[in-house]
Amino acid sequence: KSEITVFFILLIAAALLVIFAFRLPVFDAIFIVVSGMSTTGFSYLSIAGFTDGLKLFLVFLMFVGGASFSTAGGIKIFRLLLLFKAIRKAINESISGKYSPITLFGKEYSNQEIIHALVFVVLMIGFIFGSAFITGLYGFQPVDALFEATSAITCTGLSVGIVSPSLALELKCLFIVLMILGRVEILSLFIMFSPTKEPRNP
């Protein structure tokens with residue numbers, strides 16, 4: 012198996028769910044799912060008219076994003092699978108008491124790499140919900156605010172209509188920061204602005 016295989020499996024499953032659960036026409040469902048999960052952001056549909064359930068599902072797709080070797084935003088499928096494997100490892104070790112390494116796509120990953128993935132995901136969730144809360148203070152619906160914050164930090168571009176030329180300056184600045192964080196990735200930006208420490212001589 013490869014990451015791109017998992018990506019297409021998720022795309023097909025998501026499109027089928029949108030078709031049968033949310034009753035969107037086949038072409039519309041495929042288009043919006045591909046647009047959201049690949050974070051390309053193209054849309055000819057009025058997302059503002061979608062149900063809250065469909066908006067939240069698109070939030071999930073944008074949050075996951077595409078493959079790690081692509082230009083897509085989101086946490087990437089690789090990190091999602093790695094965290095699922097880490098959860099299963101923790102459960103198995105708690106039951107059996109035996110250490111089991113985490114392997115994904117033929118490569119073994121250390122605890123430090125898993126921690127880095129976990130920190131990135133937690134930071135993404137924190138920025139999304141924090142930004143959605145701030146946006147909601149300006150009178151927007153919670154689901155719409157969450158949608159816009161996720162779209163911004165994943166650099167998707169889909170919108171329910173909150174982002175517009177008439178948007179408050181403070182929120183414009185907030186979404187600009189989110190898009191920068193999403194494009195360069197949060198940890199990379201933190202590292203860039205972190206003070207460097209000189210190695211100590213023994």
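Going from the sequence shown to this note's numbering is simple: count from 1 and add 11.
The beta-carbon is built from N, C-alpha and C at its ideal position, and this holds for glycine as well.
Cβ-Cβ separation between Glu104 and Ile113: approximately 11 angstroms, too far for a contact (criterion under 8 angstroms).
The three-state reading of DSSP puts Thr16 in helix, counting H, G and I together. Taking C-beta atoms as the reference points, Phe158 and Val174 fail to come closer than 7 angstroms. By the C-beta density criterion, Met73 is buried, having at least 16 other C-beta atoms within 10 angstroms. DSSP places Lys66 within a helical segment (H, G or I) once states are collapsed to three. Scanning the region 110–157 from its first residue to its last, the whole alpha helix (DSSP H) runs of 4-plus residues come out as 122–147. By the CB criterion at 7 angstroms, Leu91 and Val75 fall inside the cutoff. For Glu14, the CB contacts under 7 angstroms within the same chain, skipping 5 residues up- and downstream, are Ala78, Ser79, Ile88, Phe89, Phe116 in chain order. By the Cβ neighbour-count rule, Leu198 is exposed, with fewer than 16 other Cβ atoms within 10 Å of its own. Distance from the Cα of Phe38 is smallest, within the candidate group Pro153, Ile23, Thr50, for Ile23.
Around the beta-carbon of Ala179, fewer than 16 other beta-carbon atoms lie within 10 Å, marking it exposed. A contact between stretches requires three or more CB pairs, one per stretch, nearer than 8 angstroms, and the region 32–50 fails this requirement with the region 121–130. Assignment of Cys184 by DSSP, reduced to helix, strand and coil, places it in the helix class.
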